[in-house]
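Colleague: Dropping the structure in here first, questions after.
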Amino acid sequence: MLNAISRLVIVTLIASSAVFAQTTSTANSPRTAPNFPVSELREGMRGTAKTVFKGNKSEEFGVEILGVLPNWIGPKQDLIIGKLFGENAERTFVFAGMSGSPVYIDGKLVGAISYSFPFAKEPICGITPFEQMTADVERFTSNGPANFVPPIFTAAELTSPIWRPSAAIPQTLSASRGGAFDTFRPIATPVSFAGISQTVLDLYAPQLTAAGIVPVSAPTGKSSRLGGLKAATPTTLLGGDSVVVHLARGDIQLSAAGTVTARDGDNIYAFGHPFFSLGSSDLPMSESHVVTVVPNANNSFKLAVPDDMVGSMTQDRATGILGQLGTAPKMLPVRINFTSSRGKREELIFESAIDEFLTPLIMSVGVTNILSSNERSIGNTTIEMKGEIRIKGEKPIDLTRRISSGQAILFAGGAPAVPLGALLRANYPGVEVEGINLNIKVSEGARLASVDKIWIDRQQVRPGDNINLSIAEKAAGGKISVRTVPVTIPRDAAPGNVTLTVGDGSLVQALAATTQFSPKTPEAFVETFNGLKKPDRLYVLITSAKPGLVIGSSELANLPPSVAATFGSDRAAGATKATSNTILLEMELPQGENIVGGSQTLTLEIIR
246 MLNAISRLVI VTLIASSAVF AQTTSTANSP RTAPNFPVSE LREGMRGTAK
296 TVFKGNKSEE FGVEILGVLP NWIGPKQDLI IGKLFGENAE RTFVFAGMSG
346 SPVYIDGKLV GAISYSFPFA KEPICGITPF EQMTADVERF TSNGPANFVP
396 PIFTAAELTS PIWRPSAAIP QTLSASRGGA FDTFRPIATP VSFAGISQTV
446 LDLYAPQLTA AGIVPVSAPT GKSSRLGGLK AATPTTLLGG DSVVVHLARG
496 DIQLSAAGTV TARDGDNIYA FGHPFFSLGS SDLPMSESHV VTVVPNANNS
546 FKLAVPDDMV GSMTQDRATG ILGQLGTAPK MLPVRINFTS SRGKREELIF
596 ESAIDEFLTP LIMSVGVTNI LSSNERSIGN TTIEMKGEIR IKGEKPIDLT
646 RRISSGQAIL FAGGAPAVPL GALLRANYPG VEVEGINLNI KVSEGARLAS
696 VDKIWIDRQQ VRPGDNINLS IAEKAAGGKI SVRTVPVTIP RDAAPGNVTL
746 TVGDGSLVQA LAATTQFSPK TPEAFVETFN GLKKPDRLYV LITSAKPGLV
796 IGSSELANLP PSVAATFGSD RAAGATKATS NTILLEMELP QGENIVGGSQ
846 TLTLEIIR
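Using our numbering, read the sequence shown as starting at 246 and increasing by one per residue.
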């Protein structure tokens, strides 16, 4: 009898444990409310919505359905039109940061408040149906391998002193921007900038505006400190909670605030419209609290402060974003060691999003900010930069530069951004950028000079001869200094006149026959970029008026007539380019006290 009772107790305990485990699992994995189908919506229906107006607790307000615009967002993607009511909603109207606020009717989830009407006199909003949000992100859960096409770069692009976007920026967040006629626009997502001066924001205003970013100055939150993930709980990022997606964390912080539409297990749906249309992405996602919502006649916005990081945003699609709790994002670590013109030392450490548009923009802003915060913005400045972009399994990209001008601070921001943007745009399969290190030293005033005169110790030379080349450099104040450089005539130089040129890297690069590059691998990209002429150095060139060929990014000199004729045949075209001059010798001169520009040429006669 006792054994039977014992067995009954054990069975009961096991069953109870199973029920408890199931209950706990369910509690730790909140599920979304049932969907309210768009087909069942009727004009005049009323429901409730939730968002955070202050603190970290969401508040309810009313929504009345006005109708549905079929195919407005895209093919088979409808937009529900609603009108908000309630004290808070009628005070702020639709505000930047409300994107993603869930709308419910009879306890069922209709969708996310995601669109607004500029300068509206009533709190009218557009609502993205939740069934479309889930369908859009689930279609892109797994991306198959894409066919890689090697990109084409120009020498002018890779040597540009200023980074510019290589393609049109998706205008997804331009709620405050006017147009030929007013229409519903995605609610602007306020991007908080912490650790960045207003001067720098004004400097990069064109790029920020083009991306539809609404910059908001905000205090630094917990997620500015680089650290690990906070474990999710049953109350982490539920529908109506404030959520922040980071573009940069650390000593520089860029974070975009929105609202959670729904949590389904570890999946977080938010915004209801695209963020930057990044597609597959990997950005830090944090909890946040709201300081206040600032009413504004044009576009009200919320001031949100990031709290603990709890996961990553993994997708950015036409109908919203998808986040994953408990998933650590992949970011680009950046370390900048700075020495000011007064000897002040400072270290800047932050992480940046990895994206062909966002990453170089953030790098430009970061470098420009630390310089402008410590140096004068008017007058000439000389900046010495040493650093590298580390790529896993490849040689690093060399960032050694000297810049001296009235725009040195702006050009310094472009030095790491230009190659970084080009590398990310190339999108080489499997490439992994591991980090960026920069050492920057600044001194006041310009250290500039020009090539005033050049001369050699004799005019006639033989192949293999050594000659002395003298270069007179005239500084900005009129002081002239002379340096002598030994030059060896190439042993395979043919008899005849040749041209000797001394010029700065920008001029020599412009004279190069190779003006376009199509590196097929990361290794080829690094080799191509590191091989470009440095604008702060002088070069010696000896050229001959002999035909040659450029194949890919390589220049072939002194080709036999039969080879040149084969490539130049009328039966073949493309892949090669004929040149009228052949480079016999190219020398990079050691760095001098000044940055020397300009060029001079003379003629040598090679005899036998």
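All C-beta atoms, glycine included, are put in the ideal place defined by N, C-alpha and C.
Please read all numbers here as calculations on a predicted model, not as lab measurements.
Just mark residue 789 as buried or exposed, buried being the case when its beta carbon has 16 or more other beta carbons within 10 Å.
Modeller: Buried: at least 16 other Cβ atoms inside 10 Å.
Colleague: Assess contact between the segment 512-532 and the segment 483-499, defined as three or more Cβ pairs (one per stretch) separated by less than 8 Å. Is contact present?
Modeller: At 8 Å Cβ cutoff, the stretches touch.
Colleague: With residue 337 as the anchor, note down where its alpha helix (DSSP H) starts and where it stops.
Modeller: From DSSP, the alpha helix (DSSP H) with residue 337 extends over 332-337.
Colleague: In the DSSP assignment, the alpha helix (DSSP H) including residue 656 goes from what residue to what residue?
Modeller: Counting along the chain, the alpha helix (DSSP H) containing residue 656 begins and ends at 653-671.
Colleague: I want to know whether the segment 503-514 touches the segment 342-355 - three or more CB-CB distances under 8 Å.
Modeller: The segment 503-514 vs the segment 342-355: in contact.
Colleague: Let me check one thing: in DSSP terms, what residues is residue 719 bridge-paired to?
Modeller: The partner list for residue 719 (beta bridge, DSSP) reads 695, 725.
Colleague: Among residues of its own chain, excluding the 5 on either side of residue 396, which ones have a beta-carbon nearer than 6 Å to its beta-carbon?
Modeller: Within the same chain, residue 396 has close Cβ partners 671.
Colleague: Is the beta carbon of residue 736 less than 8 Å from the beta carbon of residue 776?
Modeller: Result no, Cβ atoms of residue 736 and residue 776 do not sit closer than 8 Å.
Colleague: Applying the criterion that 16 or more other CB atoms from any shown protein chain within 10 Å of the CB defines a buried residue, is residue 639 buried or exposed?
Modeller: Result: buried.
Colleague: Could you have a look at residue 770 and say whether DSSP puts it in helix, strand or coil?
Modeller: In this structure, residue 770 counts as helix in the three-state DSSP scheme.
Colleague: Do residue 749 and residue 837 have their CB atoms nearer than 8 Å?
Modeller: Against a cut-off of 8 Å, the Cβ pair of residue 837 and residue 749 comes out as no contact.
Colleague: Could you tell me the boundaries of the alpha helix (DSSP H) in which residue 754 lies?
Modeller: From DSSP, the alpha helix (DSSP H) with residue 754 extends over 750-756.
Colleague: Taking all protein chains shown into account, decide if residue 601 is buried (16 or more other Cβ within 10 angstroms of its Cβ) or exposed.
Modeller: Residue 601 should be labelled buried.
Colleague: Just to confirm, are residue 839 and residue 694 a CB contact at a threshold of 8 Å?
Modeller: Yes.
Colleague: How about residue 930 and residue 338: are their beta carbons less than 8 Å apart?
Modeller: As displayed, the chain neither begins before 246 nor continues past 853, which places residue 930 out of reach and without an answer.
Colleague: Is it true that the segment 716-732 meets the segment 657-667, where meeting means three or more beta-carbon pairs spaced less than 8 Å apart?
Modeller: Because the criterion of three Cβ pairs below 8 Å is not met, the segment 716-732 and the segment 657-667 do not touch.
Colleague: Thinking C-alpha only, which one of 320, 349, 598, 438 is nearest residue 295?
Modeller: Minimum Cα distance to residue 295 is reached at 349.
Colleague: Since residue 851 and residue 738 are thought to touch, with beta carbons under 8 Å apart, how far apart are those beta carbons, to the nearest angstrom?
Modeller: Contact flag correct, Cβ pair sits at about 5 Å.
Colleague: Here's the rule I'm using: 16 or more other beta-carbon atoms within 10 Å means buried, otherwise exposed. How should residue 525 be labelled?
Modeller: By the neighbour-count rule (16 or more Cβ atoms within 10 Å), residue 525 is not buried but exposed.
Colleague: How would you call residue 420, buried or exposed, if buried means at least 16 neighbouring beta carbons within 10 angstroms?
Modeller: Bear in mind that the predicted position of residue 420 carries a pLDDT of just 39, short of 50, making it unreliable; the figure below should be weighed with that in mind. Buried is the call here.
Colleague: To which residues of the same chain is residue 713 closer than 8 Å at the C-beta, ignoring the five residues directly before and after it?
Modeller: Only 701, 702, 729, 730, 731, 732 meet the Cβ criterion.
Colleague: Check for me: the alpha helix (DSSP H) holding residue 611 runs from which residue to which?
Modeller: Element bounds for residue 611: 603-617.
Colleague: Got a sec, what are the start and stop residues for the alpha helix (DSSP H) residue 402 sits in?
Modeller: Per DSSP, residue 402 belongs to the alpha helix (DSSP H) from 400-403.
Colleague: Could you tell me the alpha carbon to alpha carbon distance between residue 308 and residue 291, rounded to whole angstroms?
Modeller: Cα to Cα, residue 308 sits roughly 6 Å from residue 291.
Colleague: Buried or exposed, going by whether 16 or more other CB atoms sit within 10 Å of the CB of residue 660?
Modeller: Buried: at least 16 other Cβ atoms inside 10 Å.
Colleague: Measure the alpha-carbon distance for residue 612 versus residue 354 and round it to whole angstroms.
Modeller: Each residue's Cα considered, the two are about 45 Å apart.
Colleague: Take the Cβ of residue 435 as the centre, count every other Cβ of all protein chains shown within 10 Å, and call the residue buried at 16 or more, exposed below.
Modeller: So residue 435 ends up on the buried side.
Colleague: Which residue from 741, 334, 285 puts its Cα closest to that of residue 546?
Modeller: Ranking the options by Cα distance to residue 546, first place goes to 334.
Colleague: Tell me whether residue 351 sits in a helix, a strand or coil according to DSSP, three-state version.
Modeller: Coil, per DSSP.
Colleague: Helix, strand or coil, according to DSSP, for residue 378 in the structure here?
Modeller: Here residue 378 sits in helix by DSSP.
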